[in-house]
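What follows is a set of notes on a single structure, which appears directly below.
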Amino acid sequence: MSKILALTGDQAAAEAMRQINPDVVAAYPITPQTEIVMNFAQFVADGRVDTEMIPVESEHSAMSACVGASASGVRAMTATSANGLALMWEVVYIAASNRLPIVMPVVNRALSAPINIHCDHSDSMGARDAGWIQVYCENPQEVYDLIIMAIRIAEHKDILLPVMVCQDGFIISHGVERVRIYEDRMVRNFVGEYRGQNVLLDMDNPVTYGPLDLQDYYFEHKRQQSLAVSNARVLIPDIVKEYEKISGKNYGFIEEYKTEDAELAVVSLGSTAGTAKALVDILREQGRKVGSVKIRFFRPFPAEEIAQCLSKFKAIAVLDRSESFSSHGGPLFNEVRSVLLESEKRPVIINYIYGLGGRDIGMEQLESVFNDLKEMAEKGLNKDKFINYLGVRE
Amino acid sequence: MTEKKKGWKEIPIGGKITEAGSAVKYKTGDWRTFKPVRNEEKCNNCLFCWIYCPDSSIFVKDGKVTGIDYDHCKGCGICARVCPKKCIDMEKE
Numbered sequence: 001m002s003k004i005l006a007l008t009g010d011q012a013a014a015e016a017m018r019q020i021n022p023d024v025v026a027a028y029p030i031t032p033q034t035e036i037v038m039n040f041a042q043f044v045a046d047g048r049v050d051t052e053m054i055p056v057e058s059e060h061s062a063m064s065a066c067v068g069a070s071a072s073g074v075r076a077m078t079a080t081s082a083n084g085l086a087l088m089w090e091v092v093y094i095a096a097s098n099r100l101p102i103v104m105p106v107v108n109r110a111l112s113a114p115i116n117i118h119c120d121h122s123d124s125m126g127a128r129d130a131g132w133i134q135v136y137c138e139n140p141q142e143v144y145d146l147i148i149m150a151i152r153i154a155e156h157k158d159i160l161l162p163v164m165v166c167q168d169g170f171i172i173s174h175g176v177e178r179v180r181i182y183e184d185r186m187v188r189n190f191v192g193e194y195r196g197q198n199v200l201l202d203m204d205n206p207v208t209y210g211p212l213d214l215q216d217y218y219f220e221h222k223r224q225q226s227l228a229v230s231n232a233r234v235l236i237p238d239i240v241k242e243y244e245k246i247s248g249k250n251y252g253f254i255e256e257y258k259t260e261d262a263e264l265a266v267v268s269l270g271s272t273a274g275t276a277k278a279l280v281d282i283l284r285e286q287g288r289k290v291g292s293v294k295i296r297f298f299r300p301f302p303a304e305e306i307a308q309c310l311s312k313f314k315a316i317a318v319l320d321r322s323e324s325f326s327s328h329g330g331p332l333f334n335e336v337r338s339v340l341l342e343s344e345k346r347p348v349i350i351n352y353i354y355g356l357g358g359r360d361i362g363m364e365q366l367e368s369v370f371n372d373l374k375e376m377a378e379k380g381l382n383k384d385k386f387i388n389y390l391g392v393r394e
Numbered sequence: 395m396t397e398k399k400k401g402w403k404e405i406p407i408g409g410k411i412t413e414a415g416s417a418v419k420y421k422t423g424d425w426r427t428f429k430p431v432r433n434e435e436k437c438n439n440c441l442f443c444w445i446y447c448p449d450s451s452i453f454v455k456d457g458k459v460t461g462i463d464y465d466h467c468k469g470c471g472i473c474a475r476v477c478p479k480k481c482i483d484m485e486k487e
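Same order as they appear, the protein sequences are chains A and B. All the letters of the first sequence, read from the start, carry residue numbers 1 to 394 under the working numbering. All the letters of the second sequence, read from the start, carry residue numbers 395 to 487 under the working numbering.
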């Protein structure tokens with residue numbers, strides 16, 4: 001049984017959290033994540049969840065409280081955006097390194113300065129090496145589903161890593177869409193009950209968290225984290241399949257749209273994939289062989305799937321909603337491009353940095369990308385158009 | 395300190411220590427540059443050294459100082475500083 005509600009991405013996140021009914025939520029409101037915390041606090045006030053809600057004084061404290069709660073053996077969640085994520089930075093690493101399965105919706109927003117509250121991926125992309133699993137959602141439906149799935153991924157005994165479930169600030173977080181919601185019972189059965197191992201409050205088996213770890217063992221603990229992320233590569237498809245059985249939705253590492261006979265494709269994260277699909281439909285009607293590829297899981301990075309999918313195209317454009325200031329393109333571009341090195345057949349691959357600070361990306365802009373790709377599929381890479389800034393004024 | 399260290403598959407994840415009181419196995423005595431040496435004749439067993447020692451390295455039995463745990467004493471010299479009888483000397487190792 002399920003019902004369809006009109007929800008924003010933030011409301012969908014709060015609804016998923018209500019159904020998960022975590023033991024502890026410690027959060028600090030920040031635009032555009034505020035409505036998650038606001039809606040969830042309402043659920044707490046109305047007695048609709050059993051959660052201990054901790055209204056902390058900063059994001060550093062929010063993540064610290066989640067680390068403490070999770071280490072004590074209970075299910076802990078928080079949510080943040082941009083500067084909030086930046087403020088919790090050191091504890092974000094500690095959560096992953098202590099192997100605490102905290103699930104955190106991240107509502108993507110540009111980092112200061114100058115101050116900006118709108119969408120880009122500079123916040124979560126900066127945290128890509130923190131040891132968290134990262135999922136990027138296209139719409140409120142994915143936000144709802146992936147937060148529920150994230151609990152199972154995070155808490156799997158062979159993974160035990162925290163998960164960021166990212167959604168585009170305002171574009172998804174404040175846009176109302178149809179969202180199919182499942183029964184509370186179904187969601188609670190799916191996520192199950194969490195029982196941490198080697199937890200702080202197990203008085204019979206005392207354990208130390210966060211001791212000094214120097215040249216002698218620190219590297220070994222990092223190697224374990226690498227294994228956990230590799231395990232996630234193997235185990236996530238099982239959890240995806242299990243969720244598909246009850247929801248009918250298949251949330252693989254990547255999602256291809258009209259790519260079967262496509263020669264040109266754009267690769268993107270989040271809501272832009274939706275815009276790309278709409279444009280692909282229009283261009284297909286004109287007989288153009290174009291497609292769209294959405295990368296849903298950025299951590300673990302689905303290298304084999306991406307290489308297999310992309311090697312069939314003649315030219316592809318990777319769209320980065322963040323700038324890594326390397327003078328060599330954005331983070332998504334560089335990781336996608338590197339996996340193609342092993343492929344026998346390599347398409348022309350170019351990069352577009354776009355949408356910084358919430359700058360809109362329209363179909364006209366995406367169409368210009370496909371036009372560039374068409375030219376390069378015929379004539380080869382145009383080095384003047386290798387790294388591009390889409391939608392910036394000259 | 396030549397014991398064979400465990401590999402990454404053999405240790406608890408997340409840097410957790412799952413054995414209570416295991417710090418005693420971690421010998422820190424070789425960090426020391428100066429070693430506390432107690433003059434038993436001058437000592438009146440006031441136990442200031444035992445109270446102040448940050449590494450619990452003063453052995454006490456039946457209210458009397460019986461020795462110093464050189465496996466764990468890092469040579470900070472606090473015992474010598476707080477001793478009212480000045481009966482602890484810090485000697486170079």
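We treat Cβ as the ideally placed atom computed from N, Cα and C, and that holds for glycine.
- With a threshold of 8 angstroms between beta carbons, B:K419 makes no contact with chain A.
- Against chain B, a Cβ distance below 9 angstroms from A:D213 picks out G409.
- Sequence-ordered contacts of the region 194-212 of chain A with chain B read N198, N205, P206, V207, T208, Y209, G210 and P211 [C-beta pairs closer than 8 angstroms].
- The beta carbon of B:P406 sits closer than 8 angstroms to some beta carbon of chain A.
- At a cut-off of 8 angstroms between beta carbons, B:T412 contacts chain A.
- For A:S343, the CB contacts under 7 angstroms within the same chain, skipping 5 residues up- and downstream, are A307 and S311 in chain order.
- Proximity of chain B to A:E220 at the Cβ level (cut-off 8 angstroms) is accounted for by K400, G401, W402 and I405, in chain order.
- Secondary structure note for A:L310: its alpha helix (DSSP H) is the uninterrupted segment A303 to L310.
- Per DSSP, A:E155 is one residue of the alpha helix (DSSP H) stretching across P140 to E155.
- With the rule of 3 Cβ pairs closer than 8 angstroms, the region 42-53 of chain A does not count as touching the region 211-219 of chain A.
- Under the three-state reduction of DSSP output, A:I171 falls in the coil class, being neither helix nor strand.
- For B:M484, the uninterrupted beta strand (DSSP E) run begins and ends at I482 to K486, by DSSP.
- For A:P300, there is no enclosing alpha helix (DSSP H), as DSSP gives it neither H nor E.
- Within a 10 Å sphere around the beta-carbon of A:S124 sit 16 or more other beta-carbons, which makes this residue buried.
- Burial check for A:F298: the Cβ neighbour count within 10 Å reaches 16 or more, so the residue is buried.
- What A:R75 touches in chain B, judged by beta-carbon distance under 8 angstroms, is nothing: the nearest beta carbon there is about 17 angstroms away.
- By the criterion of at least three beta-carbon pairs nearer than 8 angstroms, the region 335-350 of chain A is not in contact with the region 283-290 of chain A.
- DSSP places B:I462 inside the beta strand (DSSP E), whose first and last residues are K458 to I462.
- Where A:I246 is concerned, there is no enclosing beta strand (DSSP E), although the alpha helix (DSSP H) around it starts and stops at Y218 to S247.
- Interface annotation, A:Y93: not in contact with chain B, CB-CB separation never under 8 angstroms.
- Chain order gives the chain B residues near A:N98 as G408, G409 and K410, where near means a beta carbon separation below 8 angstroms.
- Annotation: the continuous beta strand (DSSP E) that includes A:M53 extends over E52 to P55.
- For A:M186, the uninterrupted alpha helix (DSSP H) segment begins and ends at D184 to V191.
- The shortest CA-to-CA distance from B:I445 to any of B:V459, B:K436, B:E434 and B:E435 is the one to B:V459.
- Under the DSSP assignment, A:A315 falls in the beta strand (DSSP E) whose first and last residues are A315 to D320.
- A:Y144 is outside the set of residues whose beta carbon lies under 8 angstroms from a beta carbon in chain B.
- For A:I117, no beta strand (DSSP E) run applies, since DSSP gives it neither H nor E.
- Counting only Cβ-Cβ distances below 7 angstroms, A:Q224 has contacts in chain B at W402 and I407, in chain order.
- A:A14 and A:Q134 have their alpha carbons spaced roughly 18 angstroms apart.
- At a cut-off of 8 angstroms, the C-beta of A:L235 has no neighbouring C-beta in chain B.
- For A:S97, no beta strand (DSSP E) segment is defined; the enclosing uninterrupted segment is the alpha helix (DSSP H) at W89 to S97.
- Under the three-pair Cβ rule at 8 angstroms, the region 425-439 of chain B does not count as touching the region 223-230 of chain A.
- Within the region 10-55 of chain A, the complete alpha helix (DSSP H) segments of 4 residues or longer fall at 34-45, listed in chain order.
- For B:R432, the enclosing beta strand (DSSP E) starts and ends at F428 to R432.
- Under the 10 Å beta carbon count, A:Y218 is surrounded by fewer than 16 other beta carbons and is classified as exposed.
- The Cβ-Cβ distance between A:G329 and A:G355 does not fall below 8 angstroms.
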